[in-house]
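The letter at position 45 of the sequence shown is residue 45 when you use the UniProt record's numbering, and the numbering goes up by one with no holes. Working notes, structure below.
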Amino acid sequence: MKFIIVVLLTALLGYAAPLYFTWWSFAVTSFIIALLIHQKALAAFLATFLGLFLLWGVMALIIDNANDHLLSQKIATLLPLGGSSILLIFVTAFTGGLVSGFAGLTGSLARKPVE
1 MKFIIVVLLT
11 ALLGYAAPLY
21 FTWWSFAVTS
31 FIIALLIHQK
41 ALAAFLATFL
51 GLFLLWGVMA
61 LIIDNANDHL
71 LSQKIATLLP
81 LGGSSILLIF
91 VTAFTGGLVS
101 GFAGLTGSLA
111 RKPVE
């Protein structure tokens with residue numbers, strides 16, 4: 001149950017925080033969520049990773065569909081992705097998930113010296 005709550009909170013705050021602060025504020029929210037909701041380190045990493053992976057993946061897919069895949073295909077051509085817009089969306093989601101996951105892992109491990 002904690003895992004699902006952390007995933008949902010990470011996605012919700014990961015969406016809301018950059019609206020008011022800088023784009024990387026989702027990492028701070030992931031850190032705080034993992035600090036406040038106690039989980040083991042691996043569970044904290046996976047939950048915060050999954051929350052932001054899904055959020056950025058869905059957001060990138062929505063934005064990509066809105067412009068008929070024009071920009072993503074051009075960017076995917078510049079990168080070694082073979083022009084695949086879906087692969088670019090996956091790379092985008094994976095990158096955001098890694099940043100959030102490591103922030104969550106740090107939050108989980110920062111709790112240990114306090115206890």
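The C-beta atom is built at its ideal place from N, Cα and C for all residues, glycine as well. The structure presented is a predicted model; accordingly, all values stated were derived computationally and were not measured.
For residue i, which residues of its own chain have a beta-carbon under 6 angstroms away from its beta-carbon, when the five flanking residues on both sides are left out?
i: GLY107; result: PHE31, ALA34 and LEU35
Please name the residue, chosen from the options, that lies closest to residue i on a Cα-to-Cα basis.
i: LEU88; options: GLY104, LEU61, SER100 and VAL99; result: LEU61
i: PHE53; options: LEU105, LYS2 and GLY14; result: GLY14
i: ILE4; options: ALA103, ASP68 and ALA47; result: ALA47
Beta-carbon within less than 7 angstroms of residue i's beta-carbon, same chain only, minus the 5 sequence neighbours each way: which residues are those?
i: GLN73; result: GLY83 and SER85
i: LYS2; result: ILE37 and GLN39
In three-state DSSP terms, what is residue i?
i: ASN65; result: helix
i: SER85; result: helix
i: GLN73; result: helix
i: PRO18; result: helix
i: LEU13; result: helix
i: LYS2; result: helix
i: TRP23; result: coil
i: LEU109; result: helix
Compute the beta-carbon to beta-carbon distance between residue i and residue j, rounded to the nearest angstrom, for a pair I have assumed lies under 8 angstroms.
i: LEU109; j: PHE49; result: Actually they are not in contact, since the Cβ atoms of LEU109 and PHE49 sit about 15 angstroms apart, beyond 8 angstroms.
i: ALA11; j: GLY51; result: 4 angstroms
So, at 8 angstroms on beta carbons, what are the nonlocal neighbours of residue i in its own chain, with the 5 sequence-adjacent residues on each side left out?
i: ALA41; result: LEU105, SER108 and LEU109
i: ALA76; result: GLY82, GLY83, SER84, SER85, LEU87 and LEU88
i: PHE90; result: GLY57
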